[in-house]
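Asks: This structure is in structure tokens; I'll ask about it shortly.
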Amino acid sequence: MRPAFLMANPATSWASLRDTNGGSVSRLYLLRHAKAGWALPGVRDFDRPLDASGRADAEAMGAAMKARGYIPDLTLCSSAKRARETLEGLANQTDTGKVLFLDTLYSEDAAGYLSIIRGNGGSGSLLVIGHNPMTEDLALAVSGDGDETARAMLSHGFPTSGLAVVRFGADLAKAAQGAGYLEAFLTPADL
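Take the position in the sequence shown, starting the count at 1, then add 12; the result is the number in my numbering.
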């Protein structure tokens, strides 16, 4: 069985997470929304709700985030129903910080996601609850390096309720392609 938590350099506090220039390290949490049911006739894709396994996976991921200390300062969440319901499941288990709902996270590509992150990022941590392929494309694009096992897992796809944890040596307003370190990749199957 593969371990649920993969982290190259565990740290017990924010004070121990410093880059070589003495600045704070920022974390970007990229979460693909939980599993949704198929759209019923007359229901837009935007309005698809989570199915029972999706609700359970969102809660399990929230508990895993709390157990690992993955607590965002700010959450940017797609305003699509399945993303909002994923956030509800997380929030039942852990603190999600301040929350902003953005319609653009439903339709933007990975470059658009990065622009949104830069516009809302600072030092600390940011959770983005979004959609594929954008979430997967962004995780791959910003992770110039990372834990070998986490990178191997991510290369096989980004399942619903999957969480990529990317560490940056600067605040997220300066996040760039290849500048991050993929610290961990968690999936519901591994929890």
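Quick reminder that beta carbons are idealized off the backbone N, C-alpha and C, glycines included. Only a predicted model underlies this, so the values are computations on that prediction, with no experimental measurement involved.
Can you tell me which of Ala176, Ser127, Arg130 and Ala46 puts its alpha carbon nearest to the alpha carbon of leucine 99?
Replies: Among Ala176, Ser127, Arg130 and Ala46, the Cα nearest to that of leucine 99 is on Ala46.
Asks: Among Leu203, Leu112, Gly101 and Val177, whose alpha-carbon lies nearest the alpha-carbon of alanine 89?
Replies: The residue you asked about is not alanine; residue 89 is cysteine in the sequence shown. Among Leu203, Leu112, Gly101 and Val177, the Cα nearest to that of cysteine 89 belongs to Leu112.
Asks: If you run the structure through DSSP and keep just helix, strand and coil, what is valine 178?
Replies: If DSSP states are grouped into helix, strand and coil, valine 178 belongs with the strands.
Asks: Quick check on the burial criterion: 16 or more other C-beta atoms within 10 angstroms. Buried or exposed for aspartate 57?
Replies: Classification for aspartate 57: exposed.
Asks: Counting pairs of Cβ atoms below 8 Å between the segment 49 to 63 and the segment 175 to 194, do you hit three or more?
Replies: The segment 49 to 63, when compared against the segment 175 to 194, does not touch it at the 8 Å Cβ threshold.
Asks: Taking the alpha helix (DSSP H) that glutamate 195 falls in, what are its first and last residues?
Replies: Per DSSP, glutamate 195 belongs to no alpha helix (DSSP H); it is in the beta strand (DSSP E), 192 to 198.
Asks: If I measure Cβ to Cβ from alanine 75 and keep anything under 6 Å in the same chain, skipping five residues before and after, which residues do I get?
Replies: Same-chain partners within the cutoff: Gln105.
Asks: Relative to the C-alpha of glycine 158, which candidate in Ala176, His143, Asp149 and Pro145 has its C-alpha closest?
Replies: For the residues Ala176, His143, Asp149 and Pro145, the minimum Cα distance to glycine 158 belongs to Ala176.
Asks: Should glycine 66 be labelled buried (16 or more other beta-carbon atoms within 10 Å of its own) or exposed?
Replies: By the 10 Å Cβ count, glycine 66 comes out buried.
Asks: Determine the burial state of alanine 79: buried for a count of at least 16 other Cβ atoms within 10 Å of its Cβ, exposed for fewer.
Replies: With fewer than 16 other Cβ atoms within 10 Å, it is exposed.
Asks: In chain order, which continuous runs of the alpha helix (DSSP H) of length 4 or greater are located wholly inside the segment 26 to 86?
Replies: Correct list: 64 to 79.
Asks: Identify which residue in Leu42, Asp149, Gly142 and Met165 has its Cα closest to the Cα of glutamate 97.
Replies: The shortest Cα separation from glutamate 97 among Leu42, Asp149, Gly142 and Met165 belongs to Gly142.
Asks: State the Cα-Cα distance for the pair leucine 40 and alanine 51, rounded to the nearest angstrom.
Replies: If I take the Cα positions, the gap works out to 30 Å.
Asks: Does leucine 99 come out as helix, strand or coil in the three-state DSSP assignment?
Replies: If DSSP states are grouped into helix, strand and coil, leucine 99 belongs with the helices.
Asks: Grab the span of the beta strand (DSSP E) containing glycine 131 for me, first residue to last.
Replies: Glycine 131 -> not in any beta strand (DSSP E); alpha helix (DSSP H) instead, spanning 122 to 132.
Asks: Please go through the same chain and pick out, in chain order, the residues whose beta-carbon is closer than 7 Å to the beta-carbon of methionine 146, but skip the five residues on each side of it.
Replies: Answer for methionine 146: Glu120, Asp121, Ala122 and Tyr125, listed in chain order.
Asks: For aspartate 121, decide whether its Cβ has a neighbour in chain D, counting only Cβ atoms nearer than 9 Å.
Replies: You won't find chain D in this structure, because it holds only one protein chain.
Asks: Where do the N-terminal and C-terminal ends of the alpha helix (DSSP H) with serine 119 fall, by residue?
Replies: Its alpha helix (DSSP H) spans residues 116 to 119.
Asks: Which residue comes first and which comes last in the alpha helix (DSSP H) that contains leucine 150?
Replies: Taken as a continuous stretch (DSSP letters only), the alpha helix (DSSP H) holding leucine 150 covers 146 to 154.
Asks: Tell me, which residues are paired with phenylalanine 113 by DSSP?
Replies: The partner list for phenylalanine 113 (beta bridge, DSSP) reads Cys89.
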